[in-house]
Amino acid sequence: MDTKALIAAYFDAFNAAQTDRMLDLLHDEIEHHVNEGDIRKGRKLFAEFNAHMTECYRENLTDMVIFADESGDRAAAEYVVNGTYLKTDEGLPPASGQTYRLPAGSFFTIRDGKISRVTTYYNLGEWTRQIST
Numbered sequence: 859m860d861t862k863a864l865i866a867a868y869f870d871a872f873n874a875a876q877t878d879r880m881l882d883l884l885h886d887e888i889e890h891h892v893n894e895g896d897i898r899k900g901r902k903l904f905a906e907f908n909a910h911m912t913e914c915y916r917e918n919l920t921d922m923v924i925f926a927d928e929s930g931d932r933a934a935a936e937y938v939v940n941g942t943y944l945k946t947d948e949g950l951p952p953a954s955g956q957t958y959r960l961p962a963g964s965f966f967t968i969r970d971g972k973i974s975r976v977t978t979y980y981n982l983g984e985w986t987r988q989i990s991t
């Protein structure tokens with residue numbers, strides 16, 4: 859599978875809420891760099907993060923554009939997060955089903971045909987503003 863197809867499959871699995879399918883696309887030594895927080899290393903911590911996110915948020919990514927370098931070792935994606943805040947996440951404002959629409963981006967490293975790093979960025983201040991109004 860080429861790099862762009864790998865990233866597209868990852869996001870297709872995300873949008874389908876099929877986290878097991880997402881895990882299948884990850885290298886065993888995955889590093890997950892989130893916008894706010896510590897780096898999570900390994901598939902187990904990635905799976906725990908996804909379970910937490912599924913409990914607190916329902917999200918669908920649209921307007922996806924995927925980029926890859928010529929070697930296929932690096933990729934990036936720009937998209938819009940369309941979400942609903944389902945359950946209060948620790949340290950964040952209370953959840954009451956608020957919706958949000960937020961531009962975001964992710965960067966990837968590919969190793970052995972699998973995703974070995976995911977780094978995601980979004981504007982937390984804008985997200986907070988949207989769910990607080």
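Residue numbers (my numbering): 859 to 991. From the three backbone atoms N, C-alpha and C, an ideal C-beta is built for every residue, glycine too. This structure is a prediction, so every number in the text was calculated from the model and none was measured.
If you check the beta carbons only, do residue i and residue j fall under 9 Å apart?
i: Asn-893; j: Tyr-958; result: no
i: Tyr-915; j: Tyr-937; result: no
Identify the continuous beta strand (DSSP E) that holds residue i and give its terminal residues.
i: Lys-972; result: 972–980
i: Thr-991; result: Taken as a continuous stretch (DSSP letters only), Thr-991 belongs to no beta strand (DSSP E), as it is neither H nor E.
i: Ala-933; result: 932–943
Take residue i and list the residues in its own chain whose beta-carbon comes closer than 6 Å to its own, dropping the five residues that flank it on each side.
i: Ala-871; result: Arg-879 and Met-880
i: Ser-990; result: Pro-951
i: Ala-934; result: Phe-925 and Phe-965
For residue i, count neighbouring C-beta atoms within 10 Å of its own C-beta (all shown protein chains included) and say buried if the count is 16 or more, exposed if not.
i: Ser-954; result: exposed
i: Leu-992; result: This structure does not reach residue 992, given that the chain is present from 859 up to 991, and the question cannot be answered.
i: His-890; result: buried
Whose C-beta lies closer than 7 Å to the C-beta of residue i among residues of the same chain, with five residues either side of it excluded?
i: Thr-986; result: Pro-951
i: Arg-969; result: His-885
In terms of residue numbering, what span does the alpha helix (DSSP H) encompassing residue i cover?
i: Ala-863; result: 861–873
Discussion item. Extract the residue ranges of the beta strand (DSSP E) inside the stretch 878–921, only unbroken runs of 3 or more that lie entirely within it.
Written reply: 884–891
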